[in-house]
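Participant:
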Amino acid sequence: MNKMIRFIPLVLVVALGIVLYRGLSLNPQELPSALVGQKMPAFSLSQLQKPEVTLTEQDLKGKIVLLNVWGTWCVYCKYEHPYLVDIAKSNRVALYGLNYKDIREDAKQWLIDYENPYVFSIFDPTGKLGLDLGVTAAPETFVLDQTGTIRMKHVGPIDTKVWTEKFLPIIETLEAEQGAN
Amino acid sequence: MLRLLFVLSIACGSWLFSGDAIATDTYQFDDEVTQKRYQSLIKELRCPKCQNQNLADSNAPIAQDLRRETYELLQMGKTDIEIVDFMVKRYGDFVLYRPKVSSLTYVLWFGPGVLLVIGITIVVVLSRRRSKNKKNIALTAEQQAKLNELLKDK
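Here the protein sequences line up with chains W and S, keeping their order.
If you read the first sequence in full-length UniProt numbering, its first letter stands for residue 1, the second for the next number, and so on.
If you read the second sequence in full-length UniProt numbering, its first letter stands for residue 1, the second for the next number, and so on.
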């Protein structure tokens with residue numbers, strides 16, 4: 001019995017080591033979104049390039065939707081931009097933008113200077129819809145199913161790795177669901 | 001001992017004053033009670049981006065937005081619970097510096113207490129065993145007699 005007690009510190013240190021080692025590979029910025037499984041929050045905002053057009057959550061229904069939160073002030077948005085262009089061209093999903101806390105003229109110019117991958121962009125200068133979506137910064141991307149329910153949220157830029165590891169599985173699931181209905 | 005007291009007093013001092021960082025934006029309140037509620041809410045709520053700061057301490061854009069939202073919700077006459085629920089619905093339990101008691105957080109809430117009880121139990125058991133051992137050390141009359149004899153020889 002007493003001999004066993006000698007090993008308790010060793011066991012504790014090894015257990016602590018395992019816990020801490022695991023902690024090294026966790027990203028604290030990656031929070032579970034409170035909105036996954038919920039309906040897209042209601043909104044009524046103008047379209048970025050056509051201020052006279054009012055958009056609501058109904059405009060995002062009926063397809064597999066990627067809603068990408070972006071802004072001209074956001075460095076990583078530029079990084080993920082070419083990937084978004086490719087995604088839009090693939091036609092597997094409908095890619096919409098949420099122009100978050102930006103200036104309308106700057107944002108319009110940004111889309112001219114680079115390339116506009118979005119079907120349309122929702123203009124949210126005060127960040128009100130962003131707040132309802134639990135957005136903490138750009139870029140963030142939401143995946144919505146055909147009924148307008150949020151199925152996944154990704155914080156940070158999209159690239160090939162993120163796309164194949166995180167987005168493709170959920171999109172395949174959604175396509176299978178669509179086929180079943 | 002004196003050194004320990006000194007360290008403790010510094011630790012307490014920095015803890016006492018740490019809550020007094022002031023956010024740069026100023027909001028006007030109709031009454032002092034609402035202002036107090038606002039102050040305590042922004043200290044209780046955590047900034048989702050700058051994760052080791054509360055809303056009061058942080059000047060990240062998202063913290064500014066959430067402070068404005070807190071202010072607006074207070075002006076609309078929402079209760080503290082409603083405001084906290086509003087934040088949790090959008091940013092998850094993560095925004096609470098004092099997490100709710102749920103099956104996920106039992107370890108967090110009761111773990112320290114359980115560890116303390118285990119520690120006390122171990123200390124008590126060990127000290128009892130030691131005092132029992134001491135009693136066993138005492139020599140029997142026979143052993144004592146033998147010892148005396150051995151010592152006499154020298």
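All C-beta atoms, glycine included, are put in the ideal place defined by N, C-alpha and C.
As the structure is a computational prediction, the values presented were derived from the model and not from experiment.
Quick check on the DSSP output: the beta strand (DSSP E) that includes residue 94 (chain W) runs from which residue to which?
Facilitator: Along the first sequence, one-based indexing puts residue 94 (chain W) at 94. Here the beta strand (DSSP E) through residue 94 (chain W) covers 94 to 100.
Participant: Using a Cβ-Cβ distance cut-off of 8 Å, determine whether residue 51 (chain S) contacts chain W.
Facilitator: Locating residue 51 (chain S) in the second sequence gives position 51, counting from the first residue. It does; some Cβ of chain W falls within 8 Å.
Participant: Can a CB atom of chain W be found closer than 8 Å to the CB of residue 72 (chain S)?
Facilitator: For the purposes of this step, residue 72 (chain S) is identified with residue 72 of the second sequence, where counting begins at 1. No, residue 72 (chain S) does not count as interfacial toward chain W.
Participant: When we look at the beta-carbon of residue 114 (chain S) and count the other beta-carbons within 10 Å, is it buried (16 or more) or exposed?
Facilitator: In the second sequence, counting from the first residue as 1, residue 114 (chain S) sits at position 114. It is exposed - the Cβ of residue 114 (chain S) has fewer than 16 other Cβ atoms within 10 Å.
Participant: Quick one: give me the first and last residue of the beta strand (DSSP E) that residue 68 (chain W) is part of.
Facilitator: Here the question's residue 68 (chain W) lines up with position 68 in the first sequence. 65 to 70 is the span of the beta strand (DSSP E), which, as asked, contains residue 68 (chain W).
Participant: Locate the beta strand (DSSP E) running through residue 98 (chain S), then write down its first and last residues.
Facilitator: By one-based count along the second sequence, residue 98 (chain S) stands at place 98. Taken as a continuous stretch (DSSP letters only), residue 98 (chain S) belongs to no beta strand (DSSP E), as it is neither H nor E.
Participant: Please classify residue 80 (chain W) as buried or exposed, where buried requires at least 16 neighbouring CB atoms within 10 angstroms.
Facilitator: Translated into positions along the first sequence, residue 80 (chain W) becomes position 80. With 16 or more Cβ atoms within 10 Å of its Cβ, residue 80 (chain W) is classed as buried.
Participant: To the nearest angstrom, how far is the alpha carbon of residue 95 (chain W) from that of residue 34 (chain S)?
Facilitator: Translated into positions along the first sequence, residue 95 (chain W) becomes position 95. Translated into positions along the second sequence, residue 34 (chain S) becomes position 34. If I take the Cα positions, the gap works out to 43 Å.
Participant: For residue 137 (chain W), would you say it is in contact with chain S, using Cβ-to-Cβ distances shorter than 8 Å as the test?
Facilitator: What you label residue 137 (chain W) is simply residue 137 of the first sequence in a count that begins at 1. Interface residue, yes.
Participant: Quick check: does the Cβ of residue 87 (chain S) come within less than 7 Å of any heavy atom belonging to the ligand MG?
Facilitator: The ligand MG is not among the ligands present in this structure, which contains no ligands whatsoever.
Participant: Between which two residues does the beta strand (DSSP E) carrying residue 140 (chain S) extend?
Facilitator: As a working mapping, residue 140 (chain S) is identified with position 140 in the second sequence. Per DSSP, residue 140 (chain S) belongs to no beta strand (DSSP E) and is neither H nor E.
Participant: When you compare the CB positions of residue 148 (chain W) and residue 57 (chain W), do they come within less than 8 Å of one another, or not?
Facilitator: Within the first sequence, residue 148 (chain W) is the residue found at index 148, counting from 1. Within the first sequence, residue 57 (chain W) is the residue found at index 57, counting from 1. Yes, the Cβ-Cβ distance between residue 148 (chain W) and residue 57 (chain W) is below 8 Å.
Participant: Compare the Cα-Cα distances from residue 63 (chain W) to each of W:47, W:35, W:69, W:92 and report the closest residue.
Facilitator: As a first step, residue 63 (chain W) is located in the first sequence; it is residue number 63 there, counting from the start. Ranking W:47, W:35, W:69, W:92 by Cα distance to residue 63 (chain W) puts W:92 first.
Participant: Can you confirm whether residue 92 (chain S), when its beta carbon is compared against all beta carbons of chain W, has any partner nearer than 8 Å?
Facilitator: Indexing the second sequence from 1 puts residue 92 (chain S) at position 92. Yes, its Cβ sits closer than 8 Å to a Cβ of chain W.
Participant: Taking buried to mean at least 16 other C-beta atoms within 10 Å of its own C-beta, is residue 27 (chain W) buried or exposed?
Facilitator: Counting from one through the first sequence, the residue named residue 27 (chain W) turns up at place 27. Residue 27 (chain W) should be labelled exposed.
Participant: Going by the beta-carbon positions, is the gap between residue 70 (chain S) and residue 42 (chain S) smaller than 8 Å?
Facilitator: On the second sequence, residue 70 (chain S) is found 70 positions in, with the first residue counted as 1. On the second sequence, residue 42 (chain S) is found 42 positions in, with the first residue counted as 1. Yes, the pair counts as a contact, with Cβ atoms nearer than the cut-off.
Participant: Going by CA-CA distance only, name the one from S:144, S:126, S:134 that's closest to residue 5 (chain W).
Facilitator: If you number the first sequence from 1, residue 5 (chain W) lands on position 5. Residue S:126 is the option with its Cα nearest to residue 5 (chain W).
Participant: Which one of W:73, W:97, W:3, W:41 has the shortest CA to CA distance from residue 47 (chain W)?
Facilitator: Here residue 47 (chain W) corresponds to residue number 47 of the first sequence, with the count starting at 1. Nearest option by C-alpha distance: W:97.
Participant: Measuring straight from C-alpha to C-alpha, what distance separates residue 59 (chain W) and residue 74 (chain S)?
Facilitator: Counting from one through the first sequence, the residue named residue 59 (chain W) turns up at place 59. Counting from one through the second sequence, the residue named residue 74 (chain S) turns up at place 74. Cα to Cα, the separation comes out at about 32 Å.
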